[in-house]
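The block underneath contains the structure these notes are about, expressed in C-alpha cells.
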Amino acid sequence: MHSIDTDAVKHYLLSLQDDICSQLAAEETGGQAFLEDSWQREQGGGGRSRVLEGGAVFEKAGVNFSHVFGDGLPKSATAHRPELEGRRFQAMGVSLVIHPRNPMVPTSHANVRFFIAEKEGADPVWWFGGGFDLTPYYGFEEDCVHWHRTAQAACAPFGEDVYPRYKKWCDDYFYLKHRDETRGVGGLFFDDLNDWEYERCFAFMRSVGDAYIQAYRPIVQKRKALPHTEQQREFQLYRRGRYVEFNLVYDRGTLFGLQTGGRTESILMSLPSLVSWKYNWQPEPGSAEETLYTRFLGARDWI
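Residues in the sequence shown are numbered from 2 upward in steps of one, following this note's numbering.
This is how it looks when you write it as C-alpha cells:
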C-alpha cells in the first residue's frame, strides 16, 4: 500500500480553490473579486473562505477550503461507524456553491474531500468523496448534455461503470423527499471511496475536482448576458428555496460541519443572498417554468 500523503492532498485542494476562484472571477463583468477570510477553530484546524457577493454575474459565489482535525469525533458522527471511535481524525476539502444573478445561468455546487482517522497499532481508516451537480432555473438541453459529458469524461479513465454509478448516486442523493423532486439535473456524487488503492482514489478525486470548472464555465459564458424578465427573476428566487431546504435538511456536509464545531459562517455560505417561498405556487400550464419540472427535473439519461 502506498503511504498516505495528506500534505499532497492539502496542496491539491488549495490549488483547486485558487484555480476555480480565478476562473470564476474572470467571468465577473462588474469587476468584483473574491474576498478571502481565513479562520481557525478551537478544536483544531481551520480554513480559508472566499466569497464574491453582489457581483454583476454572481450574486453570491462561495469557494471554501477547510482542514479540520481533532482527537475524537462526536457520537453523532460515529454512530454508524463505530470503528472511528477514539481515533484522531483529519477532514479536508473544497466545497463551493455558485448562485448567479441571471436566472438563465444555473446554480452549481461542487465538493471534493478527504477523511482519515488514525490510532496507534491499527491501520488508518480513510476515504475520498465529492462530486458536482447543476441546478438550472430555465433549462437548456445542450447545457445539461455538456455538463454530463464532462462528468463522464472525468470518470472514463477509471472504468466504464464509474459514471453511471456515481450519476445515479447523485440523482438519488440530491433528492428532496418532501417535495418528491430532484434538486436539479444531477451530475456526480461519491462518498466513502476507498475501493481502489489510495493513489487511484486520490487521482479520481482530482479528476472530478478539475472537471467542475470545465463543465460550468462554458455554461456561464453562454448564458450570463441573456435577457430575462422580472417574472423569471421571481421564479429563480422561488426555486432557490429548494436549495435552502436541501442544504438545511439533508446535506451531509452541512450536518458534519455543524456537529464537529465548524465555522458556521463558512458552512452556511452555500445559502443564497435572496430567496423566497410562495404558498402553494404552481407554474402556468405550458410555461417555461412548467418545462423545468416536466423535462429537466427527475433522473434522466442526458448522454
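C-beta: ideal position from N, C-alpha, C; glycine also. The structure displayed is predicted, hence computed values, not measured ones.
Ranking Leu269, Tyr213, Gly187 by CA distance to the CA of Asn248 puts Leu269 first. Counting of Cβ neighbours within 10 angstroms places Ala300 among the exposed residues, the total staying below 16. Taking 7 Å as the cut-off, the beta carbon of Leu14 is found no closer than this to the beta carbon of Gln33.
Taking C-beta separations shorter than 7 Å and ignoring five residues to either side along the sequence, the partners of Arg207 in its chain run Tyr13, following chain order. Val113 sits close to Gly210, with the two beta carbons spaced by under 7 Å.
For Thr108, DSSP records a beta bridge to Thr136. Taking each of Thr292, Thr183, Thr255 in turn and checking the Cα distance to Asp134, the smallest one comes out for Thr183. Taking 7 Å as the cut-off, the Cβ atoms of Asp192 and Gly94 do not count as close. Closest in alpha carbon position to Lys223, among Ser267, Cys171, Pro101, Arg82, is Pro101. Shown here, Gly32 sits in coil according to DSSP, grouped into three states, outside any helix or strand.
Between Glu29 and Val58, the gap from beta carbon to beta carbon is short of 7 Å.
Shortest Cα-Cα distance from Tyr213 to any of Leu298, Arg201, Ser267, Leu189 involves Leu189. Below 8 Å, too few C-beta pairs join the stretch 238–255 and the stretch 116–125 to call them touching: fewer than three.
Around the beta carbon of Gly87, fewer than 16 other beta carbons sit within 10 angstroms, so the residue counts as exposed. For Val209, the enclosing alpha helix (DSSP H) has its first and last residue at 199–224.
Per DSSP, Gly242 lies in no beta strand (DSSP E) segment; the continuous alpha helix (DSSP H) that holds it begins and ends at 231–250. For Leu194, DSSP records a beta bridge to Phe129. Inclusion of Arg51 and Cys22 in the CB contact set at 7 Å is warranted, their separation being smaller than that value.
Within the DSSP secondary-structure output, Phe90 pairs in a beta bridge with Gly71, Ala118. A distance of 7 Å or more separates the beta carbons of Phe70 and Gly47.
Remark: C-beta atoms of Gln237 and Tyr138 approach each other more closely than 7 Å. When only Cα atoms are considered, Lys168 and Trp303 end up about 10 Å apart. With a threshold of 16 other beta carbon atoms within 10 Å, His179 falls short and is exposed. By the criterion of a C-beta distance shorter than 7 Å, Gly55 is surrounded in its chain by Gln33, once the five residues flanking it on both sides are discounted. With a cutoff of 7 Å on beta-carbon distance, Tyr217 and Ser109 are scored as near each other. An exposed status is given to Asp196, since fewer than 16 other beta-carbon atoms sit within 10 Å of its beta-carbon.
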